[in-house]
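Chemist:
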Amino acid sequence: MARFAMVIDTKKCVGCMDCVVACKTENNVPEGYNRDWITQEAFGNFPNIQLEIRSERCNHCENSPCVSSCPTGASHYHDIGGVVLVNHDECIGCKACVASCPYDARFIHPDGYADKCTFCIHRVEKGDKPACVSVCPTNCMYFGDLEDPNSDVSKLLKSRKWHTLHPEAGTNPHVFYLT
Amino acid sequence: MNSLSRRRFLKISGATIAFAGAATSMGTFVKGAEKVEEKTGSIVKGIQKIPTYCDVCFWKCGAIAYVKDGNLWKIEGNPDDPLSNGRLCPRGTGGIGASFDKDRLRAPLMRKSVRGEDKWVEVTWDEALGYIADKMKKIKVEYGPEAMALFSHGVGGNFFKHTIKAYGSPNITAPSFAQCRGPRETGFELTFGDVLGSPERTDIKNAKCLVLLGSHLGENMHNTQVQEFAEAVENDASIIVVDPRFSVAASKAKYFLPIKPGTDMALLLAWMNVIVKEELYDKEYVEKFEFGFEQFAAEIAENTPEWAYPVTGIDPKVIRETAREMAKNKPASLVHPGRHTTWYGDDAQRSRAIALLNALLGSWGRKGGFYTPYSTRIPGYPYPAYPKSEKGTADNPNHKYPFAEGELISTGLREATITGNPYPIKGWLVYATNLMQSLPNREETIKAIQNLDLMVVVDVVPSEITGWADVVLPESTYLERYDDLNTAPFRESFVSLRQPVIDSPNDQKPNWWMAKKLAEKLGLGNYYPWKNIEEYLDTRLKSAGLSLEIMKKKGVVKGPKQPIFYEDGVPPVFWTPSGKIEFYSLRLKEHGFDPVPKFTKHEEPPAGYFRLLFGRAPVHTFAKTQSNPILKDMMEENELWVNNDIARRYGLKSGQYIKLKNTDGIVSNKIKVKATERIRTDCVYMVHGFGQNSKRLRSTFLKGASDSQLVTKYNTDPLMGGTGMNVNFVTFEWEA
Ligand code: SF4
Ligand code: SF4
Ligand code: SF4
Chain A
1 MARFAMVIDT KKCVGCMDCV VACKTENNVP EGYNRDWITQ EAFGNFPNIQ
51 LEIRSERCNH CENSPCVSSC PTGASHYHDI GGVVLVNHDE CIGCKACVAS
101 CPYDARFIHP DGYADKCTFC IHRVEKGDKP ACVSVCPTNC MYFGDLEDPN
151 SDVSKLLKSR KWHTLHPEAG TNPHVFYLT
Chain B
1001 MNSLSRRRFL KISGATIAFA GAATSMGTFV KGAEKVEEKT GSIVKGIQKI
1051 PTYCDVCFWK CGAIAYVKDG NLWKIEGNPD DPLSNGRLCP RGTGGIGASF
1101 DKDRLRAPLM RKSVRGEDKW VEVTWDEALG YIADKMKKIK VEYGPEAMAL
1151 FSHGVGGNFF KHTIKAYGSP NITAPSFAQC RGPRETGFEL TFGDVLGSPE
1201 RTDIKNAKCL VLLGSHLGEN MHNTQVQEFA EAVENDASII VVDPRFSVAA
1251 SKAKYFLPIK PGTDMALLLA WMNVIVKEEL YDKEYVEKFE FGFEQFAAEI
1301 AENTPEWAYP VTGIDPKVIR ETAREMAKNK PASLVHPGRH TTWYGDDAQR
1351 SRAIALLNAL LGSWGRKGGF YTPYSTRIPG YPYPAYPKSE KGTADNPNHK
1401 YPFAEGELIS TGLREATITG NPYPIKGWLV YATNLMQSLP NREETIKAIQ
1451 NLDLMVVVDV VPSEITGWAD VVLPESTYLE RYDDLNTAPF RESFVSLRQP
1501 VIDSPNDQKP NWWMAKKLAE KLGLGNYYPW KNIEEYLDTR LKSAGLSLEI
1551 MKKKGVVKGP KQPIFYEDGV PPVFWTPSGK IEFYSLRLKE HGFDPVPKFT
1601 KHEEPPAGYF RLLFGRAPVH TFAKTQSNPI LKDMMEENEL WVNNDIARRY
1651 GLKSGQYIKL KNTDGIVSNK IKVKATERIR TDCVYMVHGF GQNSKRLRST
1701 FLKGASDSQL VTKYNTDPLM GGTGMNVNFV TFEWEA
């Protein structure tokens, strides 16, 4: 069984938003919406400042509040890689999942269903990397299988310091940030 | 400047490579480039991949556009292209939005009322071009062909340049010299006898120490540079960032020097002082290549870190430590020359100081410093010779700016248009540059335009400058047209093709078509012996052993790898009068300038005012992408960076709107406050290109504020005529 994860090196990321733009064109995300976004967090006082820049999106959690809160079963775990997906036809647009996500990763698509990052499963199943990963000009994003000890993601999580977002929410997120 | 170096200046460095036997090194075709799955009517079913090169900025990255069932889907980097390495920047990725911008120009327009009132009627191409040609003929009879000036930015201007040269005018310019990179080209040419060019020849990826003065790589998104910057970060290069603002690059740096704006020259002199005094420079290199080193060393002897401290606000300990850090990593210590270098009016001298610091570190010509670029030699189309102009150019009468060589001073042509000196300029043809945002002091631009008998603007969208035109010509986007070949000098020589991916939606036309038709109407059809651009491109490509057919499939073809560093066998050649690196410049002395750069104090903001600084965002180019629906979604308006303490003092909160007023009383459009720790207290900062006031560009009309509108003052560089623009001071103005 594969377990897909994304590892993002905040030391290299410049916050250019290419990942956001590429997702938009790859997945036809409508005007006014995005599946991923950039957060810049600054600490300290001028001129002694630290800045963390993160490319954020759905964390494809192991313990996803969006899946458990979905009344129709539209939000579900995909057979491959533990990717959290939404079945558009079954979704009634009730927003329960939108409210439940601690990362604010979901929105209601103008066509009426809940939408969010899919880990570009349509590309991954063909052997390509997600659109955001393959566009990043700084090469700071990695995608792969945590079950495979030789994957980039496994190796990086072993060799580098990292953190996840909102670990206190108990969701077991699968997007990791190297620091 | 002697004629040798002048020629050098015109044709940047390195060598040009011909494609002898190119067919052997041709690599792969873009998969699917020629594959058409099924054709029903005019719509091609399935996915087509069409290689081309990007035009969202001047970097010209090789790309592959995807067309799905006849519709433009997405665009990616071409993996064979050395500029993109298969990855476009955010603007390039979002570039497809330009083709479905709802506010695009659709048909040629002619002015209906007074200039600047923005009232129009749609006309046919024949009427529009006929009108322009008649006016141009009249101008030629009354004032001579030199009275016609072309302002053009980007490769798309090539054919208009050709038409204007055939018509007989040498007055062809772009804001990219006197409003941008001109000073650094002059500063480096005076020192090394060669320029940096574009893409600049910086070997960022191999630098062990990288110094950025105001260059905000990562926010400024020149693709290959940012890719290489990330490589340097990954390799743990020592990064030293000098900026009044804690930029994204600063967050990757080992040393952040929050310099007082306008004092970079003092820091550069102090760094050189330390490196010379402590004998940390590359002795072998300097001894071999120097001219006037002794005099130089004597001139900077007083510029100690202690001297620089009260000027710059940088602790002498930090100045020494960073100087030693550079020296430790030499020659792979790259002090980046920057690109937008028109800051204070002594910018060519500041750029020269940067060149000299690099010379001390021995980085020019060396790995981790500056490489020697190569470009592809593709013969030009065999045209008849252009008529010779008796009068010469109008931008720089009596060579007032003696070191403005190789390119024209845009603001000099504006000046000539206002004053009629050295001779009247009566027609402007403006191609793809929004002069309202790119030239300082808007009032002067408008004054010049009001003196014209003919004002033509070619653009894709109804940008602000189109509002001042007599005739507006709607251009196809870069995804809908062929353009000239890209053979820019780079780490390796290459040639890339721009080709149409989709059709233009309305009556827009490619620039080559307009320029050719205009020439024909002017009776200059003999300068366009080709029927269409395919014939032009194929003729040029065939003369270099390639063909349009190959280029259409591959998009980019690379030449053989060559050594690019002195240590790999590139012979060190300096095209200066002495044939050496000129630490002391007799050329400058001859013209009454400082032979070794000196610090000049610049005016400081009066009480209650702040220096206005501006820069780039990664998702926009100049003032030309703000209405692109994809890029607009990324950043719709700019923000005003204000230090937290200042914000508190003035009761400003992040997210609130405020206006700015400069010392000339000009009031900006409203802009959102970003109260932050990331900037000094004596300046404010905004991203350039917003606050546009073209009503027909609805999506971005009055979104954010325009720095250019507030740049009423500028200091002209006495060496080369560049316009230093960081000399304006603003205060807050609450909305009435
Ligand atoms: S594309 Fe890469 S560098 Fe740019 S914001 Fe996204 S993750 Fe960061
Ligand atoms: S993985 Fe795909 S869907 Fe998710 S943010 Fe990246 S590009 Fe968008
Ligand atoms: S740097 Fe970006 S906008 Fe410029 S040519 Fe390359 S991809 Fe296009």
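As you go down the protein sequences, you meet chains A and B in turn. Take the first sequence: its letter number 117 is residue 117 in my numbering, and every next letter is one higher. Take the second sequence: its letter number 533 is residue 1533 in my numbering, and every next letter is one higher. Beta carbons are placed, not taken as given, at the ideal position from N, Cα and C, and that holds for glycine. For clarity, every value in this text was computed on a predicted model and none was experimentally measured.
Tell me the start and end of each unbroken alpha helix (DSSP H) in the region 1543–1617 of chain B that is at least 4 residues and wholly inside, in chain order.
Modeler: 1548–1554 and 1586–1590
Chemist: So, at 6 Å on beta carbons, what are the nonlocal neighbours of THR1731 (chain B) in its own chain, with the 5 sequence-adjacent residues on each side left out?
Modeler: To locate residue 1731 (chain B), count along the second sequence from 1; it is residue 731. Only GLY1608, TYR1609 and LYS1661 meet the Cβ criterion.
Chemist: Using the three-state DSSP reduction, which class does GLY1262 (chain B) fall into: helix, strand or coil?
Modeler: Here the question's residue 1262 (chain B) lines up with position 262 in the second sequence. Residue state, collapsed to three classes: coil.
Chemist: What are the boundary residues of the beta strand (DSSP E) that includes LEU1660 (chain B)?
Modeler: The residue labelled residue 1660 (chain B) in the question sits at position 660 within the second sequence. Counting along the chain, the beta strand (DSSP E) containing LEU1660 (chain B) begins and ends at 1657–1662.
Chemist: Got a sec: which bits of the region 1187–1221 of chain B sit with their beta carbon under 9 Å from any beta carbon on chain A, in order along the chain?
Modeler: LEU1217, GLY1218, GLU1219 and MET1221
Chemist: Measuring only from the beta carbon, is CYS16 (chain A) closer than 7 Å to any heavy atom that is part of ligand 1?
Modeler: On the first sequence, residue 16 (chain A) is found 16 positions in, with the first residue counted as 1. At least one heavy atom of ligand 1 sits closer than 7 Å to the Cβ of CYS16 (chain A).
Chemist: LYS1035 (chain B) CB to nearest chain A CB: under 8 Å?
Modeler: As a working mapping, residue 1035 (chain B) is identified with position 35 in the second sequence. With a pLDDT of 49 at LYS1035 (chain B), under the threshold of 50, the predicted position of this residue should be treated as unreliable, though the coordinate-derived value follows. Closer than 8 Å: no.
Chemist: Report the three-state DSSP secondary structure of MET1221 (chain B) (helix, strand or coil).
Modeler: Residue numbering aside, residue 1221 (chain B) sits at position 221 when the second sequence is read from its first letter. Coil.
Chemist: Comparing the C-beta of GLU1234 (chain B) with each C-beta of chain A, is any distance below 8 Å?
Modeler: Start at 1 with the first residue of the second sequence, and residue 1234 (chain B) comes out as number 234. Interface flag for GLU1234 (chain B) against chain A is set, since a Cβ pair is found closer than 8 Å.
Chemist: Looking at chain B, which residues of the region 51–78 of chain A have a Cβ within less than 9 Å of any of its Cβ atoms?
Modeler: LEU51, GLU52 and ILE53
Chemist: Can you check which of these residues, B:ARG1442, B:PHE1593 and B:VAL1711, is closest to LEU1190 (chain B) by C-alpha distance?
Modeler: For the purposes of this step, residue 1190 (chain B) is taken as the residue at position 190 of the second sequence. Considering only alpha carbons, the answer is B:PHE1593.
Chemist: Sorted by chain position, which residues of the same chain lie with C-beta nearer than 6 Å to PHE1614 (chain B)'s C-beta, five sequence neighbours on each side aside?
Modeler: For the purposes of this step, residue 1614 (chain B) is taken as residue 614 along the second sequence, with counting starting at 1. Same-chain partners within the cutoff: MET1686, HIS1688 and ASP1707.
Chemist: Under 7 Å Cβ-Cβ, which residues of chain B neighbour ILE108 (chain A)?
Modeler: If you number the first sequence from 1, residue 108 (chain A) lands on position 108. What ILE108 (chain A) touches in chain B: nothing, since even the nearest Cβ is about 17 Å away.
Chemist: Report yes if the C-beta of GLU117 (chain A) is less than 7 Å from at least one heavy atom of ligand 1; otherwise report no.
Modeler: Within the first sequence, residue 117 (chain A) is the residue found at index 117, counting from 1. First, the amino acid is wrong: residue 117 (chain A) is Cys here, not Glu. CYS117 (chain A) Cβ: outside cutoff for every heavy atom of ligand 1.
Chemist: For ILE1043 (chain B), is the classification buried or exposed, using 16 other Cβ atoms within 10 angstroms of its Cβ as the cut-off for buried?
Modeler: Here residue 1043 (chain B) corresponds to residue number 43 of the second sequence, with the count starting at 1. The residue in question, ILE1043 (chain B), is exposed, as its Cβ has fewer than 16 Cβ neighbours within 10 Å.
Chemist: DSSP has CYS1683 (chain B) in a bridge; who is on the other side?
Modeler: Here residue 1683 (chain B) is taken as the residue at index 683 of the second sequence, counted from 1. Answer by DSSP bridge pairing, in chain order: B:ARG1611.
Chemist: Between which two residues does the alpha helix (DSSP H) holding PHE1289 (chain B) run?
Modeler: Locating residue 1289 (chain B) in the second sequence gives position 289, where the first residue counts as 1. PHE1289 (chain B) -> alpha helix (DSSP H) spans 1283–1289.
Chemist: Which partner residues does PHE107 (chain A) have in the DSSP bridge list?
Modeler: Sequence index remark: in the first sequence, residue 107 (chain A) carries index 107 (1-based). In the DSSP output, where bridge partners are listed per residue, PHE107 (chain A) has A:ASP115.
Chemist: Would the C-beta of VAL135 (chain A) count as close to ligand 1, meaning under 7 Å from any of its heavy atoms?
Modeler: By one-based count along the first sequence, residue 135 (chain A) stands at place 135. Yes, since a heavy atom of ligand 1 falls inside the 7 Å radius drawn around the Cβ of VAL135 (chain A).
Chemist: Mind listing which residues have their beta carbon within less than 5 Å of any non-hydrogen atom of ligand 3? Chain order is fine.
Modeler: Look at which beta carbons fall closer than 5 Å to any heavy atom of ligand 3; those residues are B:CYS1054, B:VAL1056, B:CYS1057, B:TRP1059, B:CYS1061, B:LEU1088, B:CYS1089, B:ARG1091, B:GLY1092 and B:ASN1223.
Chemist: Is it right to say HIS1186 (chain B) is buried, meaning 16 or more other beta carbons lie within 10 angstroms of its own, or is it exposed?
Modeler: Walking along the second sequence from the start, residue 1186 (chain B) turns up at place 186. Per the sequence shown, residue 1186 (chain B) should be read as Thr rather than His. Buried, by the Cβ-count rule.
Chemist: What's the gap between the Cα of LYS12 (chain A) and the Cα of THR1163 (chain B)?
Modeler: Along the first sequence, one-based indexing puts residue 12 (chain A) at 12. Along the second sequence, one-based indexing puts residue 1163 (chain B) at 163. The straight-line gap from Cα to Cα measures roughly 46 Å.
Chemist: Out of curiosity, what's the CA-to-CA distance linking LEU1204 (chain B) and CYS91 (chain A)?
Modeler: Taking the second sequence and counting its residues from 1, the one referred to as residue 1204 (chain B) is at position 204. Taking the first sequence and counting its residues from 1, the one referred to as residue 91 (chain A) is at position 91. Going by the sequence as given, residue 1204 (chain B) is Ile instead of Leu. One C-alpha to the other measures close to 50 Å.
Chemist: Does the beta carbon of ALA22 (chain A) sit closer than 8 Å to a beta carbon anywhere in chain B?
Modeler: For the purposes of this step, residue 22 (chain A) is identified with residue 22 of the first sequence, where counting begins at 1. For ALA22 (chain A), the answer is yes, since a Cβ of chain B falls inside 8 Å of its Cβ.
Chemist: Assuming the contact rule is C-beta atoms closer than 8 Å, ILE121 (chain A) and LEU85 (chain A) should be a hit. Round their C-beta distance to whole Å, please.
Modeler: As a first step, residue 121 (chain A) must be located in the first sequence, where it is residue number 121. As a first step, residue 85 (chain A) must be located in the first sequence, where it is residue number 85. Their Cβ separation, rounded to whole angstroms, is 7 Å, which keeps ILE121 (chain A) and LEU85 (chain A) in contact under 8 Å.
Chemist: Among residues of its own chain, excluding the 5 on either side of ALA1022 (chain B), which ones have a beta-carbon nearer than 8 Å to its beta-carbon?
Modeler: Stepping through the second sequence from its first residue, residue 1022 (chain B) is reached at position 22. With a pLDDT of 43 at ALA1022 (chain B), under the threshold of 50, the modelled position of that residue is not reliable, and no figure is offered here.
Chemist: Quick one: is TRP1734 (chain B) buried, meaning 16 or more other Cβ sit within 10 Å of its Cβ, or exposed?
Modeler: Working through the second sequence from its first residue, we reach residue 1734 (chain B) at position 734. Label assigned to TRP1734 (chain B): exposed.
Chemist: Identify the continuous beta strand (DSSP E) that holds MET6 (chain A) and give its terminal residues.
Modeler: Looking up residue 6 (chain A) in the first sequence gives position 6. From DSSP, the beta strand (DSSP E) with MET6 (chain A) extends over 4–9.
Chemist: I need the DSSP call for ASP1459 (chain B), collapsed to helix, strand or coil.
Modeler: If you number the second sequence from 1, residue 1459 (chain B) lands on position 459. Correct three-state label for ASP1459 (chain B): strand.
Chemist: By how many angstroms is the C-alpha of ALA5 (chain A) removed from the C-alpha of HIS174 (chain A)?
Modeler: As a position in the first sequence, residue 174 (chain A) is number 174, starting the count at 1. As a position in the first sequence, residue 5 (chain A) is number 5, starting the count at 1. The alpha-carbon atoms of HIS174 (chain A) and ALA5 (chain A) are separated by roughly 5 Å.
Chemist: At a cut-off of 7 Å, would you count MET1326 (chain B) as near ligand 1, judging by its Cβ distance to the nearest heavy atom?
Modeler: Your numbering for residue 1326 (chain B) matches position 326 in the second sequence. Every heavy atom of ligand 1 is 7 Å or more from the Cβ of MET1326 (chain B), so no.
Chemist: Nearest to GLY1579 (chain B) by CA position, among B:ASP1194, B:ILE1047 and B:ASN1235, is which residue?
Modeler: Position 579 of the second sequence, counted from the start, is the residue given in the question as residue 1579 (chain B). It is B:ASP1194.
Chemist: DSSP state of HIS76 (chain A), grouped into three classes?
Modeler: By one-based count along the first sequence, residue 76 (chain A) stands at place 76. Correct three-state label for HIS76 (chain A): strand.
Chemist: Can you confirm whether the region 16–23 of chain A touches the region 127–145 of chain A when touching is taken to mean that 3 or more C-beta pairs between the two stretches lie within less than 8 Å?
Modeler: yes
Chemist: When every heavy atom of ligand 1 is checked, does at least one fall within less than 7 Å of the C-beta of THR25 (chain A)?
Modeler: In the first sequence, the residue the question calls residue 25 (chain A) occupies position 25. Incorrect: THR25 (chain A) has no Cβ contact closer than 7 Å to ligand 1.
Chemist: What are the uninterrupted segments assigned as alpha helix (DSSP H) that are 4 or more residues long and contained completely in the region 135–166 of chain A, given in chain order?
Modeler: 152–159
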